[in-house]
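If you're matching positions, the sequence shown starts at 8 in our numbering and goes up one per residue.
Think of the CB as a built atom: it goes at the ideal place given N, C-alpha and C, for glycine as much as any other residue.
These numbers come from a predicted model, not from an experiment.
Here's the structure we're looking at; comments come further down.
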Amino acid sequence: SMTEAIKKGETWLAQNAKTFQAETDTGLSFKDNFVEFLILEATGNWNLIDLPIPEGKWNYFGGKAVITTDPYPEDIDTSCIANTVMKPTPARAHKLLDEILACENEDGIIPLYFDVSRPRVCIEVCANVCTFFYTYGRGSDVRKTFDLVYATLKKRDFGVKRYYFTPEPLLYYVCRLVNSSKAPELENLKAMLKECVSERLGVEGNSVCLAIRIFLCVKLGIPHSKKDLERLVAMQEEDGSFGVGWYYNFGRSGVKIGHRGLTAALAVEAL
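Right, here's the structure in full:
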């Protein structure tokens with residue numbers, strides 16, 4: 008039953024609290040700060056996560072970097088997620104927003120890294136950047152980055168991207184964005200987001216995709232798919248988790264990353 012599935016999921020989360028690791032499809036595991044913020048935000052439960060506050064900026068890796076360069080450079084994405092979940096003082100937030108704005112490329116788009124020698128742009132990051140700016144009343148500073156997010160949804164440009172291979176994470180980030188402020192352009196984006204989510208209902212997907220989809224239907228007040236719900240419940244494992252749920256991948260190597268903690272947290276919230 009649904010109640011049973013939720014209970015088993017909650018038990019698994021409680022048993023594994025503070026020890027979550029991301030895993031790769033090549034068998035490595037590591038601590039993923041970015042995902043821990045998403046878990047904290049979705050559940051509101053500080054007891055699940057372990058996030059020692061850093062001196063400077065947040066790093067994606069909560070320990071040694073794997074697969075990619077170590078030390079891994081500070082990225083704008085993790086900073087934006089961290090500072091919309093943790094909400095620093097306005098003074099600190101505005102200082103960081105100014106730093107991020109200084110990284111804007113010649114097209115007016117905010118890239119993934121603070122390091123100008125790494126100019127990569129990623130649409131999912133664009134959505135998270137906008138959320139940070141809108142949260143502090145500065146949406147107009149990132150108009151071009153916002154327009155890119157809007158255009159991506161409008162065109163349904165949801166093909167496989169460098170870091171993400173399904174649209175659900177982007178739709179999840181856009182949902183955070185549309186709820187970050189009362190700006191009228193966010194209302195327009197929200198209407199389009201509802202269409203995009205509705206069009207995804209019933210499409211094949213792994214456990215994290217299905218959990219996100221149902222979670223978004225609840226958040227946006229639109230009907231979910233019974234089929235998605237049944238499939239998600241059927242994916243629950245003996246131990247109460249919902250499997251790895253491949254979520255994104257490392258850009259250059261294409262190694263997939265999943266996080267049982269995030270998948271279970273979103274599934275429990277969705278159900």
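For the options N135, I130, E11, the alpha carbon positioned closest to that of A89 is the one of N135.
Secondary structure at G144: coil, using DSSP grouped into helix, strand and coil. Within its own chain, the residues whose Cβ lies closer than 6 Å to the Cβ of C182, once the five positions on either side in sequence are excluded, are L223, K226, listed in chain order. In the same chain as V132, and ignoring 5 residues on each side of it, the C-beta atoms closer than 6 Å to its own belong to D84, L119, in chain order.
In the structure shown, D114 adopts coil according to DSSP, grouped into three states.
Put simply, the segment 206 to 222 touches the segment 247 to 258. At least three CB pairs are less than 8 Å apart. According to the DSSP assignment, A241 belongs to the alpha helix (DSSP H) that extends over 233 to 241. Take D122, set aside five residues on each side of it, and the residues of its chain with a beta-carbon closer than 7 Å to its own are P80, in chain order. Inside the segment 193 to 258, DSSP marks whole beta strand (DSSP E) runs of 3 or more residues at positions 253 to 256, from first to last along the chain. In this structure, E276 lies near A49, with their beta-carbon atoms less than 8 Å apart.
Secondary structure at T159: helix, using DSSP grouped into helix, strand and coil.
Beta-bridge partners assigned by DSSP to T31: I264. Residue pairing by DSSP places F37 opposite A29 in a beta bridge.
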